[in-house]
């Protein structure tokens, strides 16, 4: 190495040392230390008391993260379907035939929408992200909603509650997680599984019964062919009715099949060993999802967990880490 090369190397080393000294290091942070609760603001949304979490830029009504697009579509479709059969049926069918049809559709439609609403309102059953820190009892439910990466990273280092998993889409732990239902804008879990089961059960009958009478009205206009504005609505709603009958039927039978084995979609997708949850008795497995007691009560739209804590409804479960 020549003298000039040695001098250049010394200059580079000194420059490197100066740069190191000028680097501003962030203070060390212990990621196992609790990162603090989320901050929120009380606000009004659609004449309802809501809570806004700035870090998420999201509103919460109760525990539900406000996601109105799909729910609006479901309500719109269900209500307008009844109005279509009401207007067209009264015009094309005899009163002695259409009145019983309307009564049956009204009852089925009410049960469908009521259970759908309860799926959203009851939610899956949440534990706050701070579960390990405060034993599941934060100052309030909105403080326990994860809203930043520090909180999320902290959660990954903690033990999980019994048969519960943490999801960024929920920002909390979900008890007995099944899947995120886009149609309801919420996770399906322990507390709302029965309502998810029922809204698809009654929805399947509501939509199939509606579709049958739409086809009947269609045949009246086609044989002999008579063009009418009714025909356009009948064609549109017949196709919608057939599509959503298949959809709700698929959801219902999938939910029933999983409940019979005391497993969930999420557990299957993630290869969770659910043998510790399976009670080897179809009735007891269904009771874990739909509530104990007379089987007729399984089809009644009320919650079997309404007066029970998360700890009580999780009794007998194990953590997924132990599966």
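In the UniProt record's numbering, the protein residues as written are 1 to 323.
Glycine residues also receive a C-beta, built at the ideal position from the N, C-alpha and C atoms.
Along the length of the stretch 187-239, whole beta strand (DSSP E) runs at least 3 residues long do not occur. In this structure, DSSP gives residue 55 a state outside helix and strand, which the three-state scheme calls coil.
Three or more Cβ pairs closer than 8 Å define a contact, and the stretch 86-99 falls short of that threshold against the stretch 166-179.
Restricting attention to 143, 295, 108 and 207, the CA atom closest to the CA of residue 240 is found in 207. Residue 229 and residue 308 have their C-alpha atoms roughly 53 Å apart. Taking a C-beta distance under 7 Å as the contact criterion, residue 320 and residue 272 qualify as a contact pair. At least 7 Å separates the beta-carbon of residue 147 from that of residue 45. Linking residue 124 to residue 262 through their CA atoms gives a straight-line distance of about 16 Å. Taking 7 Å as the cut-off, the Cβ atoms of residue 132 and residue 158 count as close.
The Cβ atoms of residue 128 and residue 144 lie closer than 7 Å to each other. In the three-state scheme derived from DSSP, where H, G and I count as helix and E and B as strand, residue 173 is classed as strand. In the DSSP assignment, residue 42 falls within the beta strand (DSSP E) that extends over 41-45.
260 is the residue among 260, 160, 227 and 165 whose C-alpha sits nearest the C-alpha of residue 281. When C-alpha distances from residue 85 are compared across 51, 211 and 50, the shortest belongs to 211. DSSP places residue 112 inside the alpha helix (DSSP H), whose first and last residues are 95-122. Residue 293 and residue 194 do not touch by the CB rule: their CB atoms are close to 12 Å apart, not below 8 Å.
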